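Residue numbers (full-length UniProt numbering), protein chains in the order written: chain A, 1 to 188; chain B, 1 to 188.
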DNA sequence: CGTCCAAACGCAAAAAGTTTGCTTTATGAG
DNA sequence: CTCATAAAGCAAACTTTTTGCGTTTGGACG
């Protein structure tokens with residue numbers, strides 16, 4: 001029961017995808033942040049440019065595809081004992097990741113993609129992380145905000161700053177957002 | 001005392017910029033949402049492609065430039081008598097604008113630009129609008145949230161939804177954000 | 001297993017887009 | 001009015017992208 005993403009996910013197809021992704025990552029870190037071309041990637045991946053064009057359409061979509069993979073949350077945030085602690089811990093790491101050069105780049109690549117579903121995917125990632133922290137807090141017996149409240153109160157401001165005004169995407173601000181969101185809960 | 005944006009903003013240069021911008025807008029609404037090329041734009045604008053490349057670098061930057069102009073707030077939001085009313089009124093219009101096809105396109109174009117200063121510009125636009133509404137409310141004697149609170153509580157969630165999950169960028173949600181932001185003020 | 005269909009790739013030529021060196025135009029200052 | 005130079009035009013390289021066609025290779029079915 002393999003996940004049937006594409007009509008034919010078997011051997012070669014998967015190998016090509018892997019090779020191309022690897023090539024992109026290699027070139028991205030090695031050099032050429034700006035000048036990164038499809039023929040170049042094809043060369044290193046050992047494929048023909050036309051293969052890349054046929055599968056991804058253009059460079060932007062390919063980069064977005066690779067970057068989305070990069071941003072995929074691989075492990076659950078650490079357990080610090082409280083929801084506030086977990087959130088701050090996660091935010092700290094996330095901000096560090098996203099304000100780094102490669103992190104920014106990844107975010108930009110995704111935003112540059114015409115395919116809206118990729119952005120929604122980011123949204124789902126964040127939601128599932130928030131949901132995870134919520135449930136953990138609930139089993140501890142903490143009173144927790146709704147998922148919506150967390151998205152609007154924490155994820156949205158953080159993401160907005162990251163995208164539009166990176167200078168204000170700081171840990172201090174993040175803690176403030178957490179604070180506000182959690183305390184607004186108490187006053188109901 | 002003309003604004004000295006560029007070394008030589010005089011006649012021809014300005015005319016070319018105007019012609020190119022017009023050509024982009026014309027092509028955008030006329031047809032070809034996707035297939036929109038520099039040589040095509042150059043043709044209609046009556047300029048050489050190389051002129052466009054030298055001034056804007058590439059298609060993405062040109063589109064972003066045109067779109068930023070489109071998003072520039074031209075008039076102050078209507079005065080409804082209360083801050084809540086002004087906000088909702090503005091949000092309603094803004095959401096309508098941004099969920100339309102051309103509006104979405106403009107947003108996407110700006111997000112696709114490599115030049116971060118353009119996004120910051122969007123941020124400043126929003127800030128100045130919020131600040132305008134704040135001051136208007138202050139002269140009325142209303143108690144108003146800080147600019148930061150409005151950006152975090154209203155603009156950020158709205159923008160986040162517009163970008164990542166357009167389906168949830170609704171007027172109902174917007175009113176909720178306004179509500180939450182204004183009422184959190186009272187409980188201090 | 002062996003056969004067959006079609007998806008995906010390779011190849012190479014053609015088309016389209018982009019860059020660049022040089023020339024010409026025309027703004028803005030003196 | 002004259003001059004220096006930013007910006008545009010032009011055309012020839014150059015690079016990337018597209019496309020048609022033949023070949024490979026998963027995966028289904030007998």
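Just so you know, even glycine gets a beta-carbon here, dropped at the ideal spot from N, CA and C. Predicted, not measured: the structure shown is a model, and the values here were computed from it.
So is residue i buried or exposed if we call it buried at 16+ other beta carbons inside 10 Å?
| i | result |
| --- | --- |
| residue 153 of chain B | buried |
| residue 157 of chain B | buried |
| residue 46 of chain A | exposed |
| residue 15 of chain B | exposed |
| residue 189 of chain A | Outside the modelled stretch of chain A, which goes from 1 to 188, sits residue 189 of chain A, for which no answer is possible. |
| residue 18 of chain A | exposed |
| residue 145 of chain B | buried |
| residue 109 of chain A | buried |
| residue 183 of chain B | exposed |
Do you know how far the Cα of residue j is from the Cα of residue i?
| i | j | result |
| --- | --- | --- |
| residue 44 of chain A | residue 106 of chain A | 20 Å |
| residue 4 of chain A | residue 11 of chain A | Residue confidence for residue 4 of chain A is low, a pLDDT of 41 falling below 50, so the modelled location carries little weight; the figure read from the coordinates is stated next. Each residue's alpha carbon lies about 13 Å from the other. |
| residue 148 of chain A | residue 102 of chain B | 28 Å |
| residue 112 of chain A | residue 89 of chain B | 30 Å |
| residue 49 of chain B | residue 69 of chain B | 22 Å |
| residue 100 of chain B | residue 61 of chain B | 22 Å |
| residue 66 of chain B | residue 123 of chain A | 28 Å |
| residue 77 of chain B | residue 133 of chain B | 8 Å |
| residue 160 of chain B | residue 130 of chain A | 16 Å |
| residue 79 of chain A | residue 91 of chain A | 13 Å |
| residue 136 of chain A | residue 174 of chain A | 20 Å |
| residue 117 of chain A | residue 185 of chain B | 36 Å |
| residue 166 of chain B | residue 142 of chain A | 32 Å |
| residue 121 of chain A | residue 128 of chain A | 10 Å |
| residue 13 of chain A | residue 114 of chain B | 32 Å |
| residue 119 of chain A | residue 57 of chain A | 18 Å |
Check for me: the alpha helix (DSSP H) holding residue i runs from which residue to which?
| i | result |
| --- | --- |
| residue 227 of chain A | This structure cannot settle anything about residue 227 of chain A, because the visible part of chain A is limited to 1 through 188. |
| residue 22 of chain B | 11-30 |
| residue 64 of chain B | 59-71 |
| residue 158 of chain A | 156-164 |
| residue 50 of chain A | 49-56 |
contact_flag[the stretch 164-175 of chain B, the stretch 77-96 of chain B] where n(CB pairs < 8 Å) is 3 or more:
yes
Complete beta strand (DSSP E) runs within the stretch 88-149 of chain A (minimum length 3 residues, chain order):
As far as the stretch 88-149 of chain A is concerned, it has no whole beta strand (DSSP E) run of at least 3 residues.
Count the C-beta pairs between the stretch 27-45 of chain B and the stretch 75-93 of chain B that are closer than 8 Å, then say yes if the count reaches three, no if not.
Fewer than three Cβ pairs drawn from the stretch 27-45 of chain B and the stretch 75-93 of chain B lie within less than 8 Å of each other, which leaves the two stretches out of contact.
Whether or not the stretch 19-28 of chain B and the stretch 17-24 of chain A are in contact is what I'm after, with contact meaning three or more pairs of Cβ atoms, one per stretch, closer than 8 Å; do they touch?
no
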